[in-house]
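Notes follow the structure.
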Amino acid sequence: KQEVTQIPAALSVPEGENLVLNCSFTDSAIYNLQWFRQDPGKGLTSLLLIQSSQREQTSGRLNASLDKSSGRSTLYIAASQPGDSATYLCAVLGSGAGSYQLTFGKGTKLSVIP
Amino acid sequence: GAVVSQHPSWVICKSGTSVKIECRSLDFQATTMFWYRQFPKQSLMLMATSNEGSKATYEQGVEKDKFLINHASLTLSTLTVTSAHPEDSSFYICSARMSQGLQRYGYTFGSGTRLTVV
Numbered sequence: 001k002q003e004v005t006q007i008p009a010a011l012s013v014p015e016g017e018n019l020v021l022n023c024s025f026t027d028s029a030i031y032n033l034q035w036f037r038q039d040p041g042k043g044l045t046s047l048l049l050i051q052s053s054q055r056e057q058t059s060g061r062l063n064a065s066l067d068k069s070s071g072r073s074t075l076y077i078a079a080s081q082p083g084d085s086a087t088y089l090c091a092v093l094g095s096g097a098g099s100y101q102l103t104f105g106k107g108t109k110l111s112v113i114p
Numbered sequence: 115g116a117v118v119s120q121h122p123s124w125v126i127c128k129s130g131t132s133v134k135i136e137c138r139s140l141d142f143q144a145t146t147m148f149w150y151r152q153f154p155k156q157s158l159m160l161m162a163t164s165n166e167g168s169k170a171t172y173e174q175g176v177e178k179d180k181f182l183i184n185h186a187s188l189t190l191s192t193l194t195v196t197s198a199h200p201e202d203s204s205f206y207i208c209s210a211r212m213s214q215g216l217q218r219y220g221y222t223f224g225s226g227t228r229l230t231v232v
C-alpha cells in the first residue's frame with residue numbers, strides 16, 4: 001500500500017525567504033506526482049505535475065523535483081510571500097496496485113510572516 | 115485549463131435529511147470522478163470512485179447506502195448523503211481527470227462542500 005509522508009507538518013518563515021517542502025512515498029511504481037495548494041475551507045489547486053519520466057517542473061517561483069528511485073520529491077518556493085501561506089499537499093498517482101488512484105500526504109502548513 | 119465545478123460550497127441541514135452535492139467537469143469529459151472527505155487538519159480520504167454509466171466503487175469502510183453516487187453523464191457526478199447525522203459533518207471534495215491521457219494530465223479538484231448537520 002502506497003504511503004506518502006510530508007515533512008515538515010508546519011513551517012513558518014519570514015517573507016522573502018526561499019524554502020523547501022519535502023514529500024516521500026513508499027512505492028516507486030507511480031505514473032506521476034502532483035503538488036497542490038489548499039487554502040482554508042477551499043478545494044485544491046494544482047501547482048505542478050511531474051511525470052514519472054521527468055526530474056523536475058517549474059512554474060514561476062515554484063520548482064518541483066522528483067527522484068522516483070528514492071521515492072522523494074521536493075517543492076522549492078523562491079522569495080516567499082504572505083500570499084503563499086496555505087497548506088501544500090503532495091499526491092502520487094499509482095501505477096501498481098491501486099492504479100489510477102491518488103494517494104495524498106497530510107500536507108505542510110506554510111505561514112509566511114510579513 | 116480543466117475546470118471542475120462543485121455545488122453547493124456549503125450547506126447546513128437537519129439530522130435525518132438528505133443532501134445532494136454536484137460535481138461537474140466544465141470543459142472536458144470525465145469518465146471517472148472521485149469523491150473525497152476531509153476531516154479538520156487531515157488529508158483527503160478517498161470515499162469512492164464514480165464511473166460514468168456504472169456503479170461506483172466504494173473504499174473500505176464507506177457505506178454505499180449512505181453515500182449514494184450517481185454518474186449519469188460524462189460531465190456530472192452527484193454525491194447524496196442520505197439520512198445525515200452530525201458525524202457526517204465534514205468537507206467533501208470531488209475531482210476528475212480527463213478521459214484520455216491519464217498519465218499526462220493531473221487531477222482537477224472542485225472547490226469543496228462544507229456540510230454541517232445540526
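Chains as they are written, first to last, in the numbering used here: chain A, 1 to 114; chain B, 115 to 232. Even glycine gets a Cβ: it sits at the ideal position worked out from N, Cα and C.
Item                                                                                                                       : Value
Cβ-Cβ distance between SER204 of chain B and GLN152 of chain B below 8 Å                                                   : yes
Any chain A beta carbon closer than 8 Å to ILE126 of chain B                                                               : no
Under the three-state DSSP convention, the category PRO82 of chain A falls into                                            : helix
Strand pairing of VAL117 of chain B, partner residues [DSSP]                                                               : According to DSSP, VAL117 of chain B bridges with nothing at all.
The stretch 166-179 of chain B touching the stretch 115-134 of chain B, judged by at least three CB pairs closer than 8 Å  : no
Beta-carbon spacing of THR103 of chain A, VAL4 of chain A below 8 Å                                                        : yes
Stretch-stretch touch, CB-based, cutoff 8 Å, three pairs: the stretch 46-66 of chain A with the stretch 118-138 of chain B : no
Backbone secondary structure at GLU201 of chain B - three-state DSSP                                                       : helix
Rounded distance between the beta-carbons of PHE223 of chain B and ILE207 of chain B, thought under 8 Å                    : 6 Å
Any chain A beta carbon closer than 8 Å to GLN156 of chain B                                                               : yes
Member of A:ASN18, A:PRO114 and A:THR108 whose CA lies at the smallest distance from the CA of SER157 of chain B           : A:THR108
ALA210 of chain B - DSSP class collapsed to helix/strand/coil                                                              : strand
Strand pairing of GLN38 of chain A, partner residues [DSSP]                                                                : A:LEU44 and A:THR87
Contact check, VAL20 of chain A vs VAL112 of chain A, beta carbons under 8 Å                                               : no
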